[in-house]
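Undergrad: Each step along the sequence shown adds one to the number in this note's numbering, with nothing skipped, and position 73 is 1555. Cβ coordinates follow ideal geometry from the N, Cα and C atoms, glycine included.
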Amino acid sequence: EALYAGVPLVAYPFFHDQLLLAESIEKLGCGVWLQRFDHGPGVAVADAELAIERAIAARPKAQELGAKARGMHGFDTAYAKCEEFIRWSRENARKPSADVLGA
């Protein structure tokens, strides 16, 4: 959401996909990865001011990527697909079988 709005990120990942997202944010140049537990990749928490400065410097790239994302109409497409799925689910709902009804 932040990137969609063109706002740079300071990512502080805890686990799983958050680590991949933090890495992607840095690789794309639209934010900073804040280090966990004083080890591993990223800017140390003690250097949070440096992380913020880097994030501010990444603003032009974040704005560029945000404009691209908005131009792709991703939210509109996702919303329309969700509505389509709900409509299809209602139209194609399974009828309970005799076994389920206890007949």
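Around the C-beta of I1507, are 16 or more other C-beta atoms found within 10 angstroms, so that it is buried, or is it exposed?
TA: buried
Undergrad: Let me know if L1547 comes out buried or exposed under the rule of 16 or more other beta-carbons within 10 Å of its beta-carbon.
TA: buried
Undergrad: Output the boundary residues of the beta strand (DSSP E) element that contains L1491.
TA: L1491 to A1493
Undergrad: Work out the CA separation of N1574 and L1485 for me, nearest whole Å.
TA: 37 Å
Undergrad: Run the CB neighbour count on W1515, radius 10 Å, all protein chains shown included, and call it buried at 16 or more, exposed below.
TA: It is buried - the Cβ of W1515 has at least 16 other Cβ atoms within 10 Å.
Undergrad: In terms of alpha-carbon separation, which member of Q1500, D1529 and L1510 lies closest to A1544?
TA: Considering only alpha carbons, the answer is L1510.
Undergrad: Contact between the stretch 1523 to 1543 and the stretch 1560 to 1567 is defined here as three or more beta-carbon pairs at a separation below 8 Å; is this criterion met?
TA: In short, these stretches do not touch, since the Cβ pair count stays below three.
Undergrad: Sorted by chain position, which residues of the same chain lie with C-beta nearer than 7 Å to R1541's C-beta, five sequence neighbours on each side aside?
TA: Closer than 7 Å at Cβ, skipping near neighbours: P1490.
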